[in-house]
Amino acid sequence: MPRLTRPWFALVALGVVPTIASSQTCPEAFAPRTAFEARADFSAPGAAQIRAHLADVIAYLEARDVSGLAPAQLAARRERIAHLADYAAEGAFPINDLWPSPTPIFIDAHDRACAVGDLMRRSGARPLAYRIALQQNFAYVPEIEEPGVAEWAAASGLTLDECALIQPTYGPCGGSGTALQYRTLCNPAALNSLGVSAYMSACGSNFTSQNDLVINVNSLPHQATCMLLCSRDAGFTANPAGSQGNLCLAGTIRRSPAFTASWGPWSAWASIPLDLQALPFSGGTAVVVPGDTWVFQLWYRDSIPTPTSNFSSAVAITFQ
Numbered sequence: 001m002p003r004l005t006r007p008w009f010a011l012v013a014l015g016v017v018p019t020i021a022s023s024q025t026c027p028e029a030f031a032p033r034t035a036f037e038a039r040a041d042f043s044a045p046g047a048a049q050i051r052a053h054l055a056d057v058i059a060y061l062e063a064r065d066v067s068g069l070a071p072a073q074l075a076a077r078r079e080r081i082a083h084l085a086d087y088a089a090e091g092a093f094p095i096n097d098l099w100p101s102p103t104p105i106f107i108d109a110h111d112r113a114c115a116v117g118d119l120m121r122r123s124g125a126r127p128l129a130y131r132i133a134l135q136q137n138f139a140y141v142p143e144i145e146e147p148g149v150a151e152w153a154a155a156s157g158l159t160l161d162e163c164a165l166i167q168p169t170y171g172p173c174g175g176s177g178t179a180l181q182y183r184t185l186c187n188p189a190a191l192n193s194l195g196v197s198a199y200m201s202a203c204g205s206n207f208t209s210q211n212d213l214v215i216n217v218n219s220l221p222h223q224a225t226c227m228l229l230c231s232r233d234a235g236f237t238a239n240p241a242g243s244q245g246n247l248c249l250a251g252t253i254r255r256s257p258a259f260t261a262s263w264g265p266w267s268a269w270a271s272i273p274l275d276l277q278a279l280p281f282s283g284g285t286a287v288v289v290p291g292d293t294w295v296f297q298l299w300y301r302d303s304i305p306t307p308t309s310n311f312s313s314a315v316a317i318t319f320q
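Once you know that position 307 of the sequence shown is 307 in the numbering used here, the rest is easy, because the numbers rise by one and skip nothing.
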């Protein structure tokens with residue numbers, strides 16, 4: 001991921017396909033969505049990662065027993081698999097620039113479709129693909145409620161489970177970042193007014209020389225005023241100053257200037273690039289050096305049911 005040159009507190013949307021240094025492992029908070037994702041090698045760049053996934057799925061589809069399918073379904077299935085190979089080779093994969101966490105997008109703003117959406121369009125089901133994009137553009141295949149999907153899959157000689165596997169896996173970061181090693185603290189955080197816990201993750205590299213750390217927080221209340229906190233020490237303080245949540249930092253705690261979370265399709269979010277050469281927190285800037293461990297957590301305003309504050313989960317990152 002190239003170093004971000006925008007101000008450190010800018011809120012940015014990440015894309016969809018992860019990379020992860022091959023010497024690293026996924027962070028402990030990451031739960032693979034499928035068996036393909038559990039064994040995926042996130043060392044490849046974005047397009048290569050999708051191609052690797054699709055090659056894996058194509059091999060799986062070709063090896064399945066389909067003796068129970070009707071001749072028309074068998075012919076359609078062979079055509080869909082060939083279309084999937086063409087899609088992988090062409091590499092016109094969509095980018096989700098509307099959501100900071102690894103989330104699918106059926107058809108993006110440049111009319112690039114995900115693998116299943118592309119199969120629909122190539123097979124003549126373009127209206128179905130665009131209805132899904134209009135109604136549930138960020139959904140995983142099993143979540144799509146459009147009734148035409150089951151009919152299209154059956155006519156294509158595919159099961160809905162196979163369609164779900166075709167949809168590329170996304171890993172813990174999304175397309176513009178790598179998934180670095182970190183520990184998640186205070187997870188799950190206290191529930192907020194949305195009835196969910198604000199969750200923090202980190203993307204980039206553990207190597208300070210890369211200087212590409214991005215802190216992401218999902219499931220924030222709409223228009224929440226936020227401050228990013230950091231410290232060299234982890235800790236635990238329940239409900240500090242009457243907060244709804246728990247502070248997971250100790251020692252000298254630095255805080256960023258306040259900013260407002262960005263509004264997404266279902267909740268608000270923050271994506272915060274940090275310059276490790278000059279963390280601009282209160283008390284002056286700090287320089288992160290190899291061997292340092294820093295803990296990050298988001299404080300935000302909320303209402304449950306009266307105005308209060310809350311905290312996200314936290315991440316502890318040891319840099320190299």
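The C-beta atom is built at its ideal place from N, Cα and C for all residues, glycine as well.
Between which two residues does the alpha helix (DSSP H) carrying residue i extend?
i	result
Ala150	Gly148 to Ala155
Asp86	Pro71 to Glu90
Ile132	Arg126 to Gln136
Arg64	Run containing Arg64: none; DSSP gives neither H nor E here.
Asp233	Asp233 -> not in any alpha helix (DSSP H); beta strand (DSSP E) instead, spanning Asp233 to Ala238.
Arg121	Ala115 to Arg122
Cys186	No alpha helix (DSSP H) holds Cys186; DSSP gives it neither H nor E.
Ile166	Leu160 to Ile166
Can you list, in chain order, the residues of its chain with a C-beta nearer than 7 Å to that of residue i? Leave out the 5 residues immediately preceding and following it.
i	result
Ser219	Leu194, Val196, Ser197, Ala198, Tyr199 and Ser267
Ile407	This structure gives no information on residue 407, because the portion of the chain shown stretches from 1 to 320.
Leu191	Ser197
Phe281	Cys230, Arg254, Arg255 and Ser256
Thr285	Ala278 and Leu279
Ala322	Residue numbering for the chain in the displayed model covers 1 to 320; residue 322 lies beyond these limits and cannot be assessed.
Ala63	none
Using only CA atoms, which one of the options lies nearest to residue i?
i	options	result
Thr151	Tyr140, Gln135, Met120 and Gln167	Per the sequence shown, residue 151 should be read as Glu rather than Thr. For the residues Tyr140, Gln135, Met120 and Gln167, the minimum Cα distance to Glu151 belongs to Met120.
Phe311	His222, Gly117 and Arg301	Arg301
Leu165	Ser313, Leu54, Cys186 and Val287	Leu54
Asn239	Thr308, Ala278, Gln223 and Phe319	Thr308
Gly242	Thr306, Asn206 and Gly124	Thr306
Asn137	Cys114, Ala153, Phe319 and Pro188	Cys114
His110	Ile81, Ile144 and Asn96	Asn96
Ser205	Phe319, Arg80 and Ile58	Phe319
Ile317	Leu69, Ala153 and Leu276	Leu276
Asp292	Gly283, Ala270 and Asp233	Asp233
Ser303	Gly283, Val66, Gly245 and Arg80	Gly245
Thr208	Pro188, Leu158 and Pro290	Pro290
Gly283	Ala258, Thr252, Pro188 and Ala270	Thr252
Ser313	Trp269, Pro221 and Pro188	Pro188
Leu134	Phe106, Ala125 and Glu143	Phe106
Ala76	Ala89, Ala88, Glu90 and Leu61	Leu61
Ala70	Arg112, Arg126 and Leu158	Leu158
Pro94	Arg112, Leu247 and Gly68	Arg112
If residue i sits next to residue j, beta carbons under 8 Å apart, how far is it from one beta carbon to the other, in whole angstroms?
i	j	result
Ser231	Leu249	4 Å
Thr260	Gln223	6 Å
Cys226	Leu298	6 Å
Gln181	Pro104	With 8 Å as the limit, Gln181 and Pro104 do not qualify as a contact, their Cβ atoms being about 25 Å apart.
Val287	Trp294	Going by Cβ atoms, the distance from Val287 to Trp294 rounds to 11 Å, so no, they are not a contact pair.
Arg78	Ser156	The pair is not a contact, with the Cβ atoms about 10 Å apart (cut-off 8 Å).
Please go through the same chain and pick out, in chain order, the residues whose beta-carbon is closer than 8 Å to the beta-carbon of residue i, but skip the five residues on each side of it.
i	result
Val149	Leu128, Ile132, Val141, Leu160 and Cys163
Spatial neighbours of residue i within its chain, please: CB distance less than 6 Å, with the 5 preceding and 5 following residues excluded, ordered by chain position.
i	result
Ala29	Note that Ala29 scores a pLDDT of 42, beneath 50, so its modelled location is shaky and nothing firm can be said.
His83	Leu119 and Arg122
Val217	Ala198, Met200, Ala270, Leu298 and Ser312
On the criterion of 16 or more Cβ atoms from any shown chain inside 10 Å, does residue i qualify as buried, or is it exposed?
i	result
Ser262	buried
Phe236	exposed
Asp108	buried
Pro147	exposed
Ala72	exposed
Gly117	buried
Val315	buried
Ala153	buried
Ala88	buried
Ala258	exposed
Ala125	buried
Check the Cβ-Cβ distances between residue i and every residue of chain C, and say whether any is below 9 Å.
i	result
Ala88	Structure shown: chain C not included; a single protein chain is present.
What is the residue span of the beta strand (DSSP E) that residue i lies within?
i	result
Ala109	Per DSSP, Ala109 belongs to no beta strand (DSSP E) and is neither H nor E.
Ala250	Asn246 to Ala250
Ala286	Gly284 to Ala286
Leu191	Careful: Leu191 lies outside any beta strand (DSSP E) and carries neither H nor E.
Gln197	Here residue 197 is Ser; the residue named in the question, Gln, does not match the sequence. That residue, Ser197, is in no beta strand (DSSP E); it is neither H nor E in DSSP.
Asp302	Thr293 to Ser303
Asn310	Pro307 to Thr318
Sorry if obvious, but does the Cβ on residue i come closer than 8 Å to a heavy atom of the ligand HEM?
i	result
Thr293	Although the ligand HEM was asked about, the structure shown includes no ligands whatsoever.
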